[in-house]
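Numbers in the numbering used here are just positions in the sequence shown, counted from 1, shifted up by 659. Below is one structure, written out as structure tokens; the observations come after it.
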Amino acid sequence: MYDSKTVRRRRVVLGLLVACSLILLTASFGGDGGAVGSVQRGFSEVLNPVQEGASRALKPVRDLFAWFGDTFTAKGKLADVTAERDQLRQEVLKSQDAQSENELLRRQLNLNQSLGIGAYGPVGARVFAQSSTVWYATVKIDKGSSDGLRDGMPVLDENGLVGTVSQTTRSASVVTLITDHTSGVSGRTIVGRVPGIVLPSSAGNPGSLTFSLTGGGRIAVGDRVVTRGTIESKYPSLFPEGLPIGTVTTVDNPGSDTQEVKLRPFADLRRLDEVQVLTKVPGAES
Numbered sequence: 660m661y662d663s664k665t666v667r668r669r670r671v672v673l674g675l676l677v678a679c680s681l682i683l684l685t686a687s688f689g690g691d692g693g694a695v696g697s698v699q700r701g702f703s704e705v706l707n708p709v710q711e712g713a714s715r716a717l718k719p720v721r722d723l724f725a726w727f728g729d730t731f732t733a734k735g736k737l738a739d740v741t742a743e744r745d746q747l748r749q750e751v752l753k754s755q756d757a758q759s760e761n762e763l764l765r766r767q768l769n770l771n772q773s774l775g776i777g778a779y780g781p782v783g784a785r786v787f788a789q790s791s792t793v794w795y796a797t798v799k800i801d802k803g804s805s806d807g808l809r810d811g812m813p814v815l816d817e818n819g820l821v822g823t824v825s826q827t828t829r830s831a832s833v834v835t836l837i838t839d840h841t842s843g844v845s846g847r848t849i850v851g852r853v854p855g856i857v858l859p860s861s862a863g864n865p866g867s868l869t870f871s872l873t874g875g876g877r878i879a880v881g882d883r884v885v886t887r888g889t890i891e892s893k894y895p896s897l898f899p900e901g902l903p904i905g906t907v908t909t910v911d912n913p914g915s916d917t918q919e920v921k922l923r924p925f926a927d928l929r930r931l932d933e934v935q936v937l938t939k940v941p942g943a944e945s
């Protein structure tokens with residue numbers, strides 16, 4: 660138990676401290692001069708080093724919180740920039756795809772005009788599957804009987820002859836390429852009009868064809884071969900005359916009865932994308 664004297668002393672000390680605090684607060688509003696100002700400056704001189712030390716000690720903590728804040732802000736900005744980048748990338752891809760398709764359509768239009776095949780009812784189609792082996796070479800296109808396609812119709816791309824339609828469904832068709840072992844196309848050279856039959860090479864090479872002559876004539880490397888557009892007894896031609904087929908690459912035993920001629924197709928049969936089917940060729944419609 661505390662005695663009454665101790666309690667009274669503590670109350671007196673507390674009252675003095677409160678009175679001194681009030682006096683110091685009142686004096687601080689009066690300016691920095693006089694004894695009070697000196698006391699304040701003394702306290703500042705004592706406390707400034709302490710405050711500076713505390714500030715230095717707490718700086719890593721402040722920097723850590725600032726780093727977290729900057730990191731979250733940067734992540735938010737990165738997410739926004741990434742979204743903008745993805746959107747721009749999609750727009751660029753769409754623009755490039757549209758530009759590529761427009762360019763392809765322009766080349767097809769030029770081909771139609773240069774070859775005069777507009778009257779044959781060309782129908783554009785896209786290749787969506789390709790199966791090429793040593794003996795069988797076919798592709799699938801996204802147009803079928805509902806688009807007017809029938810078996811036997813000629814197919815070409817922007818570069819030249821590709822093959823013929825061999826199977827159809829309502830919405831898709833199979834195209835047998837000119838490199839398939841079942842293929843045979845009546846053709847002729849542009850220079851000299853030397854006739855022959857374009858056949859697949861013996862090894863089924865998609866980049867090579869054989870031009871088997873049906874009559875005499877001289878052929879040179881670089882000569883171009885096109886469709887003949889006639890009806891042969893063994894190989895009925897369903898193609899308009901003058902469709903590009905390929906370029907002569909080699910001639911063995913030139914001028915002789917045993918000369919062997921190799922062609923390189925104008926169409927890249929391993930990388931077909933867009934093709935045209937001639938739907939109004941005489942003899943091709945069922």
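Where is the CB? At the ideal position from N, CA and C, for every residue including glycine.
- Distances from the alpha-carbon of residue 936 to those of 831, 911, 882 put 831 closest.
- Boundaries of the beta strand (DSSP E) harbouring residue 919: 919 to 924, taken from the DSSP string.
- Within the stretch 813 to 878, complete beta strand (DSSP E) segments of at least 3 residues are found at 813 to 815, 820 to 827, 832 to 836, 844 to 848, 854 to 859, 868 to 872, given in chain order.
- Excluding its 5 nearest sequence neighbours in each direction, residue 878 has C-beta neighbours in its own chain below 8 Å: 848, 851, 853, 870, 872, 907, 910, 913, 918, 920, listed in chain order.
- DSSP, read as helix, strand or coil, puts residue 777 in helix.
- Per DSSP, reduced to three states, the secondary structure at residue 937 is strand.
- In the three-state reduction of the DSSP assignment, residue 799 falls in the strand class.
- In the assembly as shown, residue 817 is a buried residue. Its beta-carbon has 16 or more other beta-carbons within 10 Å.
- When secondary structure is reduced to three states using DSSP, residue 744 falls in the helix class.
- Leaving aside the five residues that flank residue 846 on each side, the residues in its chain whose CB is nearer than 8 Å to its CB run, in chain order, 854, 855, 856, 857, 870, 884, 885, 886, 887, 904.
- Annotated three-state conformation of residue 671 is helix, per DSSP.
- Rounded to whole angstroms, the gap between the alpha carbons of residue 790 and residue 796 is 6 Å.
- Approximately 5 Å separates the beta-carbon atoms of residue 897 and residue 811; this is inside 8 Å, confirming the contact.
- Annotated three-state conformation of residue 880 is coil, per DSSP.
- Taking every protein chain shown into account, the CB of residue 805 has fewer than 16 other CB atoms within 10 angstroms, so this residue is exposed.
- In this structure residue 736 is exposed. Its beta-carbon is surrounded by fewer than 16 other beta-carbon atoms within 10 angstroms.
- Take residue 880, set aside five residues on each side of it, and the residues of its chain with a beta-carbon closer than 7 Å to its own are 907, 908, 909, 910, in chain order.
- Under the DSSP definition of a beta bridge, residue 789 partners with 798.
- A residue is called buried when at least 16 other Cβ atoms come within 10 angstroms of its Cβ; residue 671 does not meet this threshold and is exposed.
- Taking a C-beta distance under 7 Å as the contact criterion, residue 784 and residue 799 do not qualify as a contact pair.
- Sorting 900, 939, 837, 843 by C-alpha distance to the C-alpha of residue 925 places 837 at the top.
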